[in-house]
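Numbering (this note's numbering), first residue to last: 1 to 247. Quick reminder that beta carbons are idealized off the backbone N, C-alpha and C, glycines included. Nothing here was measured: the structure is a model prediction, and the numbers come from that model.
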């Protein structure tokens, strides 16, 4: 039986294990999907070595960037992003393993946000600076949208939440939440942007999918903004991961 899995910490919010095991069962695929909740990236190679039937992994917070030094190669687009969320494991015999990193975040995000974009959506704010935010940045760039990151602390080339003026909010009509703020069970939290400056011209995209409607989205809807959660993105990511593992 082939094995696939997810590395991250913590993994209580994991979507992948249910999705893939249901897929394997319904399609008669002789495989299983398991969660590898590792408290340190230093435990990564132990997972690979102790599971000889492991064919592929998904990677989630906080290891999308930390895992890269352990890999043998990166897909060209993934190298530009600098974050990995899919690993293909190639067993070469005599205990040798080749690990190739990919990024399906950019595929899922681009395909799910594209139908919502209007000609007025020319600039975006990306909330958060983690691995997923980098994929979002490159995805928006591929769609012709100029983006700026928003961070809690001062960083070169980025804005802080305190710097989000009415003019900046009016100019950047796409806002993507790449932070965990608002994820179950802490559903009463949201990114600290000035929601009062939102309009029906704005599109708010939340990478979170649990709850189905986050507080970030609710506040946007109150101002008439278009909103979308990350569930479709996850489904597209999962499909892309399966294609990568089976190339």
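Going by DSSP, what residues sit across from residue 136 in a beta bridge?
Paired residue(s): none; residue 136 is not in a bridge.
Report the start-end ranges of each alpha helix (DSSP H) in the stretch 81-155 that is 4 residues or longer and not cut off at the edges.
105-113 and 131-142
Beta-carbon gap between residue 240 and residue 104 smaller than 8 Å
yes
Is it the case that the stretch 168-176 contacts the stretch 202-214, given that we only count it when at least three CB pairs across the two stretches are under 8 Å?
yes
Just tell me which of 152, 150 and 87 has its CA closest to the CA of residue 244.
87
According to DSSP, is residue 74 part of a helix, a strand, or is it coil?
strand
Does DSSP put residue 168 in a helix, a strand or coil?
helix
Contained alpha helix (DSSP H) runs [length at least 4] in the stretch 1-27, N- to C-terminal order
16-26
Top-ranked residue by Cα proximity to residue 236, from 19, 193 and 223
19
For residue 12, count neighbouring Cβ atoms within 10 angstroms of its own Cβ and tell me buried if that reaches 16, exposed if not.
exposed
Measure the beta-carbon distance from residue 124 to residue 147 and round it to whole angstroms, keeping in mind my assumption that it falls under 8 Å.
4 Å
Could you spell out the range, first to last residue, of the beta strand (DSSP E) harbouring residue 31?
31-37
For the alpha helix (DSSP H) that residue 48 lies in, which residues bound it at each end?
44-50
Check whether the stretch 64-75 touches the stretch 91-108, taking contact to mean three or more Cβ pairs, one atom from each stretch, closer than 8 Å.
yes
Alpha carbon of residue 57 to alpha carbon of residue 80, nearest angstrom:
20 Å
Which of the three DSSP states is assigned to residue 228 in this structure?
strand
Compare the C-beta of residue 247 with all C-beta atoms of chain C and state if any pair is closer than 8 Å.
The question asks about chain C, but that chain is absent: this structure has only one protein chain.
DSSP three-state label for residue 208, please.
coil
If we count the other Cβ atoms within 10 Å of its Cβ and call it buried at 16 or more, is residue 45 buried or exposed?
exposed
Proximal residues to residue 116 (C-beta, below 7 Å), its chain only, five neighbours per side dropped:
203, 226 and 228
Determine the closest residue to residue 152 out of 216, 207, 128 and 219, with distance taken between C-alpha atoms.
128
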